[in-house]
Amino acid sequence: MATVNVEDGNFEAEVLQSSTPVLVDFWATWCGPCKMIAPSLEEISEEMAGEVKIAKLDIDSNQQSAMNYGVRSIPTMILFKDGQPAATLVGAQPKGKIADWIKQYS
Numbered sequence: 019m020a021t022v023n024v025e026d027g028n029f030e031a032e033v034l035q036s037s038t039p040v041l042v043d044f045w046a047t048w049c050g051p052c053k054m055i056a057p058s059l060e061e062i063s064e065e066m067a068g069e070v071k072i073a074k075l076d077i078d079s080n081q082q083s084a085m086n087y088g089v090r091s092i093p094t095m096i097l098f099k100d101g102q103p104a105a106t107l108v109g110a111q112p113k114g115k116i117a118d119w120i121k122q123y124s
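According to this note's numbering, the sequence shown is numbered sequentially starting from 19.
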C-alpha cells in the first residue's frame, strides 16, 4: 500500500473515519526536509500495510486541516487513532525512529 494523498475535502473520510491508525504527513512541495522523509514514509507504508495508513497532506493546498491541528512547521506528522490525534512528531526523522514512533502509539 502506497501513501495516499488527503485534502481538506476528504480528510474526515480518509483519516478520521479510518478503521486503522493513520499517520498524516503535513508537508509542502518547497520543503526540503519533507522531501527527505518521503521515501522513508513510502517504505513504511509498504512494510506496515494493514497496520497503519500513511497519508500526505499538502499544507499549501489544504490550509484548513493544517490550521485545525495547529501545524506550525513542517514536516509535522500526526498519528490519528480512532479519529483523534494520538501523537505528533515534528521535523525530519530517520526511518527507524518514525517506524518505532508509529508502533508506540498505534
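We put the beta carbon where it would ideally sit given N, CA and C, even for glycine.
In chain order, each alpha helix (DSSP H) run of at least 4 residues that lies wholly inside the segment 25-71
As far as the segment 25-71 is concerned, its whole alpha helix (DSSP H) runs of at least 4 residues are 50-65.
Name, in chain order, the residues that DSSP records as bridge partners for Ile-96. What you label residue 96 is simply residue 78 of the sequence shown in a count that begins at 1. Under DSSP, Ile-96 takes part in a beta bridge, and its partners are Val-42 and Thr-106.
Q) What residues are listed by DSSP as bridge partners for Val-22? A) Numbered from its first residue, the sequence shown carries residue 22 at position 4. In the DSSP output, where bridge partners are listed per residue, Val-22 has Ala-73.
- prompt: Would Pro-93 be called buried (16 or more neighbouring beta carbons within 10 Å of its own) or exposed?
  reply: Against the sequence shown, residue 93 aligns to sequence position 75. So Pro-93 counts as buried.
Selection from Asp-43, Ala-56 and Ser-63 that minimises the alpha carbon distance to Ile-77: Residue 77 sits at position 59 when you count from the first residue of the sequence shown. Among Asp-43, Ala-56 and Ser-63, the Cα nearest to that of Ile-77 is on Asp-43.
For the alpha helix (DSSP H) that Gln-111 lies in, which residues bound it at each end? Translated into the one-based positions of the sequence shown, residue 111 becomes position 93. Run containing Gln-111: none; DSSP gives neither H nor E here.
Proximity to Gly-109 [Cα-Cα], best of Ile-96, Ser-124, Asp-100 and Glu-30
Reading the sequence shown from its first residue, position 91 is the one you call residue 109. Closest by alpha carbon: Ile-96.
Since Lys-99 and Glu-61 are thought to touch, with beta carbons under 8 Å apart, how far apart are those beta carbons, to the nearest angstrom?
-> Along the sequence shown, one-based indexing puts residue 99 at 81. Along the sequence shown, one-based indexing puts residue 61 at 43. With 8 Å as the limit, Lys-99 and Glu-61 do not qualify as a contact, their Cβ atoms being about 21 Å apart.
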